[in-house]
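Order-wise, the sequence lines are chains A, B, C and D.
Under the numbering used here, the first sequence has 255 at position 45, and the numbering climbs by one with no breaks.
Under the numbering used here, the second sequence has 228 at position 18, and the numbering climbs by one with no breaks.
Under the numbering used here, the third sequence has 361 at position 151, and the numbering climbs by one with no breaks.
Under the numbering used here, the fourth sequence has 312 at position 102, and the numbering climbs by one with no breaks.
We put the beta carbon where it would ideally sit given N, CA and C, even for glycine.
What follows is one structure encoded as structure tokens, with my remarks underneath.
Number of protein chains: 4
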Amino acid sequence: MNMTTREEAERTEPVAGAAGDAVSQRAEAAPKRRGRPRSQASREAILRATGELMAPGQYAQLTMEGIAARAGVSKQTVYRWWPSKADVIVESVGEGYLTLPLPGPEDTGDLHADLRVWMHLLRHEIEGGGASQLAQGLVGALAQQDSRGETIRAVLVDPVAEQVGSRLEAASQSLGTALDVEKIIEVFTSLILMNVLFGQRMSDEWIDETIAWLIPRA
Amino acid sequence: MNMTTREEAERTEPVAGAAGDAVSQRAEAAPKRRGRPRSQASREAILRATGELMAPGQYAQLTMEGIAARAGVSKQTVYRWWPSKADVIVESVGEGYLTLPLPGPEDTGDLHADLRVWMHLLRHEIEGGGASQLAQGLVGALAQQDSRGETIRAVLVDPVAEQVGSRLEAASQSLGTALDVEKIIEVFTSLILMNVLFGQRMSDEWIDETIAWLIPRA
Amino acid sequence: MNMTTREEAERTEPVAGAAGDAVSQRAEAAPKRRGRPRSQASREAILRATGELMAPGQYAQLTMEGIAARAGVSKQTVYRWWPSKADVIVESVGEGYLTLPLPGPEDTGDLHADLRVWMHLLRHEIEGGGASQLAQGLVGALAQQDSRGETIRAVLVDPVAEQVGSRLEAASQSLGTALDVEKIIEVFTSLILMNVLFGQRMSDEWIDETIAWLIPRA
Amino acid sequence: MNMTTREEAERTEPVAGAAGDAVSQRAEAAPKRRGRPRSQASREAILRATGELMAPGQYAQLTMEGIAARAGVSKQTVYRWWPSKADVIVESVGEGYLTLPLPGPEDTGDLHADLRVWMHLLRHEIEGGGASQLAQGLVGALAQQDSRGETIRAVLVDPVAEQVGSRLEAASQSLGTALDVEKIIEVFTSLILMNVLFGQRMSDEWIDETIAWLIPRA
DNA sequence: TGGTAAACGAGACGGTACGTCGCGTCTTTTC
DNA sequence: GAAAAGACGCGACGTACCGTCTCGTTTACCA
Chain A
211 MNMTTREEAE
221 RTEPVAGAAG
231 DAVSQRAEAA
241 PKRRGRPRSQ
251 ASREAILRAT
261 GELMAPGQYA
271 QLTMEGIAAR
281 AGVSKQTVYR
291 WWPSKADVIV
301 ESVGEGYLTL
311 PLPGPEDTGD
321 LHADLRVWMH
331 LLRHEIEGGG
341 ASQLAQGLVG
351 ALAQQDSRGE
361 TIRAVLVDPV
371 AEQVGSRLEA
381 ASQSLGTALD
391 VEKIIEVFTS
401 LILMNVLFGQ
411 RMSDEWIDET
421 IAWLIPRA
Chain B
211 MNMTTREEAE
221 RTEPVAGAAG
231 DAVSQRAEAA
241 PKRRGRPRSQ
251 ASREAILRAT
261 GELMAPGQYA
271 QLTMEGIAAR
281 AGVSKQTVYR
291 WWPSKADVIV
301 ESVGEGYLTL
311 PLPGPEDTGD
321 LHADLRVWMH
331 LLRHEIEGGG
341 ASQLAQGLVG
351 ALAQQDSRGE
361 TIRAVLVDPV
371 AEQVGSRLEA
381 ASQSLGTALD
391 VEKIIEVFTS
401 LILMNVLFGQ
411 RMSDEWIDET
421 IAWLIPRA
Chain C
211 MNMTTREEAE
221 RTEPVAGAAG
231 DAVSQRAEAA
241 PKRRGRPRSQ
251 ASREAILRAT
261 GELMAPGQYA
271 QLTMEGIAAR
281 AGVSKQTVYR
291 WWPSKADVIV
301 ESVGEGYLTL
311 PLPGPEDTGD
321 LHADLRVWMH
331 LLRHEIEGGG
341 ASQLAQGLVG
351 ALAQQDSRGE
361 TIRAVLVDPV
371 AEQVGSRLEA
381 ASQSLGTALD
391 VEKIIEVFTS
401 LILMNVLFGQ
411 RMSDEWIDET
421 IAWLIPRA
Chain D
211 MNMTTREEAE
221 RTEPVAGAAG
231 DAVSQRAEAA
241 PKRRGRPRSQ
251 ASREAILRAT
261 GELMAPGQYA
271 QLTMEGIAAR
281 AGVSKQTVYR
291 WWPSKADVIV
301 ESVGEGYLTL
311 PLPGPEDTGD
321 LHADLRVWMH
331 LLRHEIEGGG
341 ASQLAQGLVG
351 ALAQQDSRGE
361 TIRAVLVDPV
371 AEQVGSRLEA
381 ASQSLGTALD
391 VEKIIEVFTS
401 LILMNVLFGQ
411 RMSDEWIDET
421 IAWLIPRA
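Dropping the structure here:
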């Protein structure tokens with residue numbers, strides 16, 4: 211990610227020892243910045259506006275001008291802190307201003323049924339078009355600058371994996387079956403995301419077959 | 211895909227007349243179009259130019275103006291025959307003017323070994339960055355105009371599925387095992403494309419595990 | 211003046227042997243241009259808009275964006291034909307889309323009285339501020355690119371010189387006096403323009419003195 | 211308007227106190243300002259920078275940011291003491307940090323000869339372009355903010371008038387002739403400034419004629 | 001001699017205009 | 001009637017200055 215060191219410093223400062231940051235020893239050598247400090251309000255407004263404009267139907271407005279306008283901020287302020295649209299999107303998503311509208315599966319005790327219900331839900335979501343558009347938009351927007359795979363993965367893949375994962379792990383314990391949970395999660399996520407990304411319609415049969423194939427009944 | 215019917219009809223016609231020739235006497239059985247016929251040379255030049263501009267590093271030039279300029283053709287000529295950039299790209303890829311730098315697996319008789327070799331090859335390709343960039347670019351370019359996904363699938367998914375598919379089917383017959391070939395192909399393709407699209411690194415272990423999990427040894 | 215040769219050719223073509231053009235022998239070698247010809251309507255709209263925006267009070271809008279907007283034309287169209295704002299202004303003025311709001315003297319037979327009345331009129335005009343603002347604006351706008359003295363002279367100086375000149379020449383003949391008419395015109399024009407440009411107030415005494423000094427009574 | 215800022219500051223202070231303020235106990239007209247006094251060094255640096263940036267060729271840099279940068283000063287410091295760019299320019303010129311490259315006439319005893327020599331010198335200066343450009347620039351810069359003209363007159367007209375004036379007054383006394391010196395100065399200045407402003411070329415004949423016409427030989 | 005208030009540098013802020021690029025459409029002449 | 005040439009309205013791009021606004025840091029005065 212091509213963030214300037216200044217930006218990096220600024221952001222991580224209030225957040226403190228965030229995320230997977232191991233090397234945070236740089237406390238000495240005061241990072242005392244001179245001049246007026248950047249407006250935290252502007253920063254948030256920009257990231258929020260970006261998140262909002264990623265919503266289905268708004269996507270056409272996802273321009274630097276659109277973001278600035280909706281945030282009530284000057285274009286220059288956006289450019290001052292993020293060198294490109296991709297960077298703004300990445301940070302907006304990273305800060306949680308936008309989440310994929312994909313729910314996770316319930317837990318009624320019957321794993322197969324839960325997954326089936328869930329995938330029907332996903333199908334409905336995909337058919338609405340919003341999720342696909344958003345996913346494609348993300349890939350498209352980010353593709354222009356860098357590959358930035360980790361980011362997209364963090365936004366697109368991880369949440370889905372997490373949701374299906376927690377359900378599977380619960381089942382794995384209660385069932386006592388020897389499921390390769392990790393692999394199943396991975397495959398499940400891949401299949402679903404392909405369908406979301408490419409707007410593929412999941413037929414009833416395909417759903418049943420897929421579940422059966424991935425999680426053989428005992 | 212949104213190809214005009216005229217385009218479809220027209221295209222197959224001169225292709226029969228083949229290669230470099232212009233004034234062949236295909237007159238008979240003709241649907242007799244009046245006026246100057248469309249230039250086959252222009253068509254090829256456009257598709258070739260599109261393919262060339264999709265090459266990694268050139269992607270920024272993939273504009274309608276860039277295509278027309280490189281093809282030595284007027285913009286109108288491009289628009290006359292393809293309603294959108296997405297359609298040009300799709301046809302360019304379809305006609306082989308651009309190929310995803312993703313080879314298929316060899317057939318040495320040992321399915322597991324072949325797949326392992328192949329996936330190491332893919333990993334190398336992914337690490338080069340070109341494939342990921344191109345795949346992302348395709349998604350991005352196509353998403354802007356045609357979010358329906360069939361298009362992207364045709365360009366991105368199908369070729370990979372075909373390559374791994376033919377190897378698997380061959381194995382399926384020689385092995386006589388009851389493999390759900392279709393499902394395996396689908397899953398294989400999904401996993402690989404996810405990795406390509408998001409630049410995920412495939413470790414040796416991951417490759418071995420995945421193959422073993424998908425195609426259990428007899 | 212930095213007009214492109216193409217623009218020059220285009221403009222002078224319909225105008226025929228305009229202005230002081232002596233070398234117009236280039237008729238042969240048909241300048242047949244290809245592609246869509248430039249829109250005469252746009253050209254006129256731009257020049258008219260420019261003239262209108264030079265009017266007192268509107269001057270703040272005299273931006274390339276303002277001109278394009280008022281002309282109902284895209285910015286690019288303005289830039290396509292004139293490389294800078296100064297060039298647009300020069301041509302707008304040159305084509306008569308704007309004239310200095312300075313009247314000429316009447317002819318009642320009494321030269322001194324006529325001039326006095328006229329200068330009082332001018333004083334009123336100057337006090338309104340419009341004329342000064344416009345003159346300064348012209349100088350300022352044109353100064354940024356080139357010196358372009360001839361143009362400003364043509365717009366600012368010549369009309370005034372002409373008006374006072376014709377009155378003086380008429381008087382010169384009827385009086386039979388040996389007036390150095392040319393010199394007087396020159397001086398008169400200079401004095402008046404200095405006052406216009408710098409918003410100098412002309413007092414009654416100054417007017418009388420000046421007229422008496424320039425045109426001694428017989 | 212073109213009062214020095216210090217005067218301005220001192221003036222507005224009591225005015226502010228008079229504006230219906232309740233706490234105004236400092237009635238005893240104390241001009242004593244508290245806090246850090248303004249930096250004389252900054253003031254000079256700003257005026258010098260302004261003068262330097264008015265030099266021919268540099269004119270495009272004559273922005274508030276440019277001035278501040280070259281003076282090694284913050285923008286706010288400039289704005290604190292001068293309300294507009296015009297004021298800075300006026301004071302810079304007034305303090306002699308920039309002089310129009312227009313010399314005055316020598317005094318060899320022969321008035322006509324002195325003037326002729328001087329005007330040839332001016333012609334050379336005008337042809338170089340620098341003087342015209344600078345004069346136009348001044349008009350342009352000042353016109354944008356202060357169209358009242360006194361400012362421009364003070365900068366542009368007065369210096370020239372003074373130079374030619376002192377030579378003429380000297381001559382007037384030694385000659386004893388009844389010259390209307392004031393008028394002659396005015397006319398001379400007008401003619402010359404018109405030529406400078408509009409880059410008009412003064413021919414040998416024109417110079418001789420003009421001098422002869424303005425100052426008839428005894 | 002230490003407080004304090006104004007001036008200082010730095011530089012971010014909301015704006016407006018700049019000049020350019022690409023879009024998809026249009027209007028010419030040429031083939 | 002297709003093709004090249006290229007102008008058109010549109011809208012976003014990224015940059016430059018504008019004049020204003022915090023910040024933390026001097027620095028001269030007055031107590």
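Quick check on residue i: does DSSP put it in helix, strand or coil?
| i | result |
| --- | --- |
| S284/A | coil |
| L378/D | helix |
| Q268/D | coil |
| T318/C | coil |
| G306/B | coil |
| W328/C | helix |
| R427/D | coil |
| P311/B | coil |
| R244/D | coil |
| G339/A | coil |
| T273/B | coil |
| W292/A | coil |
Can you tell me where the alpha helix (DSSP H) with residue i in it begins and where it stops?
| i | result |
| --- | --- |
| S249/C | Run containing S249/C: none; DSSP gives neither H nor E here. |
| L407/A | 391 to 407 |
| T420/D | 414 to 424 |
| Q410/D | Where Q410/D is concerned, there is no enclosing alpha helix (DSSP H), given that its DSSP letter is neither H nor E. |
| G359/C | 359 to 362 |
Please list, in chain order, all residues of the same chain as residue i whose beta carbon is under 6 Å from its beta carbon, the five residues on each side excluded.
| i | result |
| --- | --- |
| A237/D | Summary for A237/D: the model assigns pLDDT 38, below 50, so the residue's position carries little reliability; its value from the coordinates is reported in the next sentence. Result list for A237/D: empty, nothing under 6 Å. |
| S434/D | With chain D covering only 211 through 428, there is no way to say anything about residue 434/D. |
Tell me which residues share the same chain as residue i and place their Cβ nearer than 7 Å to its Cβ, disregarding the 5 neighbours each side in the sequence.
| i | result |
| --- | --- |
| T318/B | D324 |
| L344/B | M264, P266, L310 |
| S302/D | L257, T260, G261, L308 |
| G282/C | A255 |
| G276/C | L263 |
| V288/C | I256, M274, I277, A278, V298 |
| G340/A | P266, P311 |
If you drop the 5 nearest sequence neighbours on each side, which residues of the same chain put their C-beta closer than 8 Å to that of residue i?
| i | result |
| --- | --- |
| I417/C | R326, M329, H330, R333 |
| E396/D | A371 |
| S342/D | I336, V406, L407, F408, G409 |
| L352/A | A296, I299, V300, R358, T361, I362 |
| A380/D | D317 |
| G304/B | A364, V365 |
Give a yes or no on whether the C-beta atoms belonging to residue i and residue j are separated by under 8 Å.
| i | j | result |
| --- | --- | --- |
| L321/C | I394/C | no |
| R280/B | L263/B | yes |
| L378/C | V391/C | yes |
| S400/A | S400/B | yes |
| M404/D | L403/C | yes |
| V349/B | G338/A | no |
| F398/B | V374/B | yes |
Point to revise | Positions along the segment 322 to 343 of chain B whose CB lies within less than 7 Å of some CB in chain A | key: G339, S342, Q343
Practice item. Using a Cβ-Cβ cut-off of less than 9 Å, list which residues of the segment 363 to 377 of chain D approach chain C; keep chain order. Key: Result list: R363, L366, V367.
Exercise for review: Give the residues from the segment 413 to 424 of chain D that approach chain C closer than 8 Å (Cβ to any Cβ), ordered along the chain.
Suggested key: E419, T420, W423
Exercise for review: Give the residues from the segment 381 to 404 of chain A that approach chain B closer than 7 Å (Cβ to any Cβ), ordered along the chain.
Suggested key: D390, K393, V397, S400, L401, L403, M404
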